[in-house]
Amino acid sequence: MKSTALVGLDGSVDWLCLPRFDSPAVFAGLLGTEEHGFWRIGPAHADDAPPPATRRRYRGDSLILETEWDTAHGTVRVIDFMPPGDGAPQLIRIVEGISGRVPMRSAMRARFAYGRVVPTVHTHEERTVAVAGPDSVWFDTEAETYNKSQTTYADFLVTPGDRMAFTISWQPSHQEPPAVPVPEASLEATEDFWLAWIEHCSYDGPYRDAVVRSLITLKALTFTSTGAMVAAPTTSLPEEIGGVRNWDYRYVWLRDSALGMSSLVRTGFRDEARAWRAWLLRTVAGDPENLQIMYGLAGERDLPEAELGWLPGYENSVPVRVGNAAAKQLQLDVYGEVADALYLAGRWGLDSDPDSTQLLITLVTVLETQWDQPDEGIWEVRGPRRHFVHSKVMAWTAVDRAIRLVEAGHAHGPLARWRKLRTAIHQDVCARGFDRGRNTFTQSYDSTDLDAALLMIPQVGFLPPDDKRVIGTVEAIQRELSTRDGFLLRYTTAGARPGVDGLPGDEGAFLLCTFWLVEALATIGRLEEAHLLFGRLLRLRNDVGLLAEEWDPHLQRQTGNFPQAFSHTGLINAAWTLSRYSAASRGIPAQSTTGHDLLCGAASLGGGLL
Numbered sequence: 079m080k081s082t083a084l085v086g087l088d089g090s091v092d093w094l095c096l097p098r099f100d101s102p103a104v105f106a107g108l109l110g111t112e113e114h115g116f117w118r119i120g121p122a123h124a125d126d127a128p129p130p131a132t133r134r135r136y137r138g139d140s141l142i143l144e145t146e147w148d149t150a151h152g153t154v155r156v157i158d159f160m161p162p163g164d165g166a167p168q169l170i171r172i173v174e175g176i177s178g179r180v181p182m183r184s185a186m187r188a189r190f191a192y193g194r195v196v197p198t199v200h201t202h203e204e205r206t207v208a209v210a211g212p213d214s215v216w217f218d219t220e221a222e223t224y225n226k227s228q229t230t231y232a233d234f235l236v237t238p239g240d241r242m243a244f245t246i247s248w249q250p251s252h253q254e255p256p257a258v259p260v261p262e263a264s265l266e267a268t269e270d271f272w273l274a275w276i277e278h279c280s281y282d283g284p285y286r287d288a289v290v291r292s293l294i295t296l297k298a299l300t301f302t303s304t305g306a307m308v309a310a311p312t313t314s315l316p317e318e319i320g321g322v323r324n325w326d327y328r329y330v331w332l333r334d335s336a337l338g339m340s341s342l343v344r345t346g347f348r349d350e351a352r353a354w355r356a357w358l359l360r361t362v363a364g365d366p367e368n369l370q371i372m373y374g375l376a377g378e379r380d381l382p383e384a385e386l387g388w389l390p391g392y393e394n395s396v397p398v399r400v401g402n403a404a405a406k407q408l409q410l411d412v413y414g415e416v417a418d419a420l421y422l423a424g425r426w427g428l429d430s431d432p433d434s435t436q437l438l439i440t441l442v443t444v445l446e447t448q449w450d451q452p453d454e455g456i457w458e459v460r461g462p463r464r465h466f467v468h469s470k471v472m473a474w475t476a477v478d479r480a481i482r483l484v485e486a487g488h489a490h491g492p493l494a495r496w497r498k499l500r501t502a503i504h505q506d507v508c509a510r511g512f513d514r515g516r517n518t519f520t521q522s523y524d525s526t527d528l529d530a531a532l533l534m535i536p537q538v539g540f541l542p543p544d545d546k547r548v549i550g551t552v553e554a555i556q557r558e559l560s561t562r563d564g565f566l567l568r569y570t571t572a573g574a575r576p577g578v579d580g581l582p583g584d585e586g587a588f589l590l591c592t593f594w595l596v597e598a599l600a601t602i603g604r605l606e607e608a609h610l611l612f613g614r615l616l617r618l619r620n621d622v623g624l625l626a627e628e629w630d631p632h633l634q635r636q637t638g639n640f641p642q643a644f645s646h647t648g649l650i651n652a653a654w655t656l657s658r659y660s661a662a663s664r665g666i667p668a669q670s671t672t673g674h675d676l677l678c679g680a681a682s683l684g685g686g687l688l
């Protein structure tokens, strides 16, 4: 909940930014080679590269990773975790002997500034420390270490019951050394933390194990100091292997985090929603007229985009980018996602907050003068602005939620004027964004292209699920945007020439969109098909239940930044919708319903407190 370490099947940590998600990487081998930083622990091997692990898993409902190798000498386990808390960020790795006598090796090569800066490595009171400029990483272990080729090694033997701990701790280089870690106590505290946290989960429907793993992932991507959720902890993992669609996702998109927090609050995690709401107010409320679509972890506004030319990229996918120029785009849909998240938080029991209510009202006031403008849309096109239908629908959503608050007496606003505005947006979308000949809404006005984001139309209540235009849109999207696996593209790309998004190249199926399709199929009565598609989506997860942004149907692998909050949010919401509709199909009244399902019928809504 400060940063993320990505651990490969060979026991190598190839990505770790310290001290925050968005800090420069200390281990950047993921986007380059071992020369750019790594830390590998595994069975000793002649070429210094252990074979892939025999198996690995998370320990119960936690973020404690257990990786095991069965070797000719015996079996060994490596336990990896990052302790929660307010101290220096740490990564702790404990090697445990299971059987036999297994020779092991730890090899750590720290490289600061995304692999560009070689630190000075020296010993301080029997501790190894790597220092470069403002940063220092402290390496602690009882194993005997030695330095060779600018790498810190430890060779050791483990037998049944042996446990050898290794720890790195970040600290500003000008400060006193961080406290010496106590690995076993930290392991126990970390496990206790996760087990206590997941007890708040109120979801008890089908696919619970997958939902819990996704909830834990969303929590892990939430910056503990501020309550902000990053879209993903990585940068420049390509949407197309070898392509240029490589973006930095280590920031807080209002859209992504709002949807993520909605998933958390409806499954019982109100503290996270409350912290996110506080972050939102600090970040936006001082200047809502200049709403950005993304911010830094503490609300930073300037996220300049740059390319790191010294990194060859993941499987030679360049450029490697840090920062994100999309922060300055106009994306009208974020008003709707933020308004809906604030509204749903109140409906799901979050305590009343006048400031957030006022923020929602202010955002709608700003939107009154902007909703009819073209924008870059939910997918952040780098081509010309368009009148994206999804953006207009979400503008309608923002106005609708404000009206409901005023009608319920929880806010003050020009009710008559906003009702006319809501009607005007609705009529505009239905007149200019609908293709009558094909019976489908389109990506943008005066276009024949489709967009998977149109699946949100029934979810937000713009039209009911049984409306023929909704059914036609779902069927058209499934027919025209499905890959050979039945998963959805966001929209049609143009290959070698720039397409609607202003970029060359293609991309894989967008997992969030396919989870939206699961929900859409369930809502229009195709429940069995929805369950089958959801099951296929679950099989795309990696061996420990994590999802990236996309699925490449040709290479049959995950692509894009990893793990992706959007994908796990989609999984949670789709499982919830399937649970409700499955219960309804058996004549069982649902004990609770999703906020989006409630919003499909205005008559069922009462006032909710924010």
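If you read the sequence shown in our numbering, its first letter stands for residue 79, the second for the next number, and so on.
All C-beta atoms in this analysis are idealised placements derived from N, C-alpha and C, irrespective of residue type, glycine included.
Sub-8 Å separation of P161 and A267 beta-carbons | Here the question's residue 161 lines up with position 83 in the sequence shown. Here the question's residue 267 lines up with position 189 in the sequence shown. Against a cut-off of 8 Å, the Cβ pair of A267 and P161 comes out as a contact.
Helix, strand or coil for H202, going by three-state DSSP, please let me know.
-> Against the sequence shown, residue 202 aligns to sequence position 124. Strand, per DSSP.
So the alpha helix (DSSP H) F190 belongs to, where does it begin and stop?
-> As a first step, residue 190 must be located in the sequence shown, where it is residue number 112. F190 to G193 is the span of the alpha helix (DSSP H), which, as asked, contains F190.
Among A473, T111, F217 and D326, which has the Cα closest to the Cα of A502?
-> For the purposes of this step, residue 502 is identified with residue 424 of the sequence shown, where counting begins at 1. Here the closest residue by C-alpha is A473.
Residue burial classification, R562 (beta-carbon count within 10 angstroms, cutoff 16) = In the sequence shown, residue 562 corresponds to position 484, counting from 1. By the neighbour-count rule (16 or more Cβ atoms within 10 Å), R562 is not buried but exposed.
The beta strand (DSSP E) spanning F116 covers which residue range?
-> Indexing the sequence shown from 1 puts residue 116 at position 38. That run of the beta strand (DSSP E) goes F116 to P121.
Check L437 in the structure and name its three-state DSSP category.
-> For the purposes of this step, residue 437 is taken as residue 359 along the sequence shown, with counting starting at 1. Note: L437 maps to helix in three-state DSSP.
If you check the beta carbons only, do A166 and P256 fall under 8 Å apart?
-> Counting from 1 along the sequence shown, the entry for residue 166 is found at position 88. Counting from 1 along the sequence shown, the entry for residue 256 is found at position 178. It is a contact, given that the beta carbons lie within the stated cut-off.
Which of helix, strand or coil DSSP assigns to Q448 | Here residue 448 refers to the residue found at position 370 of the sequence shown. Q448: coil per DSSP, three-state reduction.
First and last residue of the uninterrupted alpha helix (DSSP H) at A351 = On the sequence shown, residue 351 is found 273 positions in, with the first residue counted as 1. It spans R348 to V362 - the alpha helix (DSSP H) in which A351 sits, taken as one unbroken run.
Closest by CA to N368, which one among G346, T447, D418 and R425?
-> For the purposes of this step, residue 368 is taken as the residue at position 290 of the sequence shown. For the residues G346, T447, D418 and R425, the minimum Cα distance to N368 belongs to T447.
Return the residue from the list L541, T551, D431 and P536 that minimises the CA-CA distance to T526.
-> In the sequence shown, residue 526 corresponds to position 448, counting from 1. It is T551.
T225 to S214, Cα distance in whole Å?
-> Numbered from its first residue, the sequence shown carries residue 225 at position 147. Numbered from its first residue, the sequence shown carries residue 214 at position 136. A small fix is needed here, since residue 225 is Asn in this sequence, not Thr. Computed Cα separation, rounded: 17 Å.
If you follow the alpha helix (DSSP H) that K226 is part of, which residue opens it and which one closes it?
-> Along the sequence shown, one-based indexing puts residue 226 at 148. No alpha helix (DSSP H) holds K226; the beta strand (DSSP E) holding it covers T223 to K226.
From this set, S657, P631 and G377, which residue's C-alpha is nearest F612's C-alpha?
-> Working through the sequence shown from its first residue, we reach residue 612 at position 534. Among S657, P631 and G377, the Cα nearest to that of F612 belongs to S657.
8 Å contact criterion, which R241 and V173 should meet: CB distance rounded = Within the sequence shown, the letter at position 163 stands for residue 241. Within the sequence shown, the letter at position 95 stands for residue 173. Going by Cβ atoms, the distance from R241 to V173 rounds to 7 Å, so yes, they are a contact pair.
Helix, strand or coil at P250 [DSSP, three-state] = Numbered from its first residue, the sequence shown carries residue 250 at position 172. Correct three-state label for P250: strand.
Check S140 in the structure and name its three-state DSSP category.
-> Taking the first residue of the sequence shown as position 1, residue 140 is located at position 62. Coil, per DSSP.
So, T223 versus T229, is the Cβ gap smaller than 8 Å?
-> Within the sequence shown, residue 223 is the residue found at index 145, counting from 1. Within the sequence shown, residue 229 is the residue found at index 151, counting from 1. Their beta carbons are not under 8 Å apart, which means T223 does not touch T229 by this criterion.
Are three or more beta carbon pairs between the region 594–605 and the region 332–351 nearer than 8 Å?
-> no
Beta-carbon separation (whole angstroms), R568 vs A530, contact threshold 8 Å | Counted from its first residue, the sequence shown places residue 568 at position 490. Counted from its first residue, the sequence shown places residue 530 at position 452. Right, the Cβ-Cβ distance comes to about 5 Å (below 8 Å), so this counts as a contact.
CA-CA distance, D92 and A83?
-> To locate residue 92, count along the sequence shown from 1; it is residue 14. To locate residue 83, count along the sequence shown from 1; it is residue 5. D92 and A83: Cα-Cα distance of roughly 8 Å.
Pick from L422, A417, S522 and V444: whose alpha carbon is nearest that of D453?
-> In the sequence shown, residue 453 corresponds to position 375, counting from 1. It is S522 whose Cα lies nearest to the Cα of D453.
From the DSSP output, in three-state form, read off G491 for me.
-> In the sequence shown, counting from the first residue as 1, residue 491 sits at position 413. In the structure shown, G491 sits in coil (DSSP, three-state: anything other than H, G, I, E or B).
Going straight from the alpha carbon of T518 to that of F512, what length do you get?
-> Position 440 of the sequence shown holds residue 518. Position 434 of the sequence shown holds residue 512. Roughly 6 Å between the two C-alpha positions.
Check the C-beta distance from I170 over to F159 and give it rounded, since I have them as a contact under 8 Å.
-> As a working mapping, residue 170 is identified with position 92 in the sequence shown. As a working mapping, residue 159 is identified with position 81 in the sequence shown. Contact flag correct, Cβ pair sits at about 6 Å.
Identity of the residue in R379, P197 and Q451 nearest T361 by Cα | For this step, residue 361 is matched to residue 283 along the sequence shown. Selected option, being the one with the closest Cα: R379.
How many angstroms separate the CA atom of G427 from the CA atom of M307?
-> Here residue 427 refers to the residue found at position 349 of the sequence shown. Here residue 307 refers to the residue found at position 229 of the sequence shown. So the alpha carbons of these two residues sit roughly 21 Å apart.
Does the Cβ of D365 have 16 or more other Cβ atoms within 10 Å, making it buried, or fewer, making it exposed?
-> Numbered from 1 along the sequence shown, position 287 holds the residue referred to as residue 365. Per the 10 Å Cβ criterion, exposed.
Nearest to R497 by CA position, among I549, A480, G487 and G120, is which residue?
-> Counting from one through the sequence shown, the residue named residue 497 turns up at place 419. Comparing Cα-Cα distances from R497 to each of I549, A480, G487 and G120, the minimum goes to A480.
CA-to-CA distance, V467 to V416, given in whole angstroms = For the purposes of this step, residue 416 is taken as the residue at position 338 of the sequence shown. For the purposes of this step, residue 467 is taken as the residue at position 389 of the sequence shown. So the alpha carbons of these two residues sit roughly 18 Å apart.
How long is the line joining the alpha carbons of L342 and L422, rounded to whole angstroms?
-> Within the sequence shown, residue 342 is the residue found at index 264, counting from 1. Within the sequence shown, residue 422 is the residue found at index 344, counting from 1. Approximately 11 Å between the Cα atoms of the pair.
Enumerate, from N- to C-terminal direction, the unbroken alpha helix (DSSP H) stretches of 4 or more residues contained entirely within the region 551–603.
-> 589–601
L437 and A356 closer than 8 Å at C-beta | Sequence index remark: in the sequence shown, residue 437 carries index 359 (1-based). Sequence index remark: in the sequence shown, residue 356 carries index 278 (1-based). Result no, Cβ atoms of L437 and A356 do not sit closer than 8 Å.
Residues bridged to I319 [DSSP beta-bridge criterion] | Taking the sequence shown and counting its residues from 1, one reaches residue 319 at position 241. The partner list for I319 (beta bridge, DSSP) is empty, contrary to what the question assumes.
Mark L43 as exposed unless 16 or more other C-beta atoms lie within 10 angstroms of its C-beta, in which case mark it buried.
-> Look at the range of the chain in this structure, 79 to 688, and you will see that residue 43 is not part of it.
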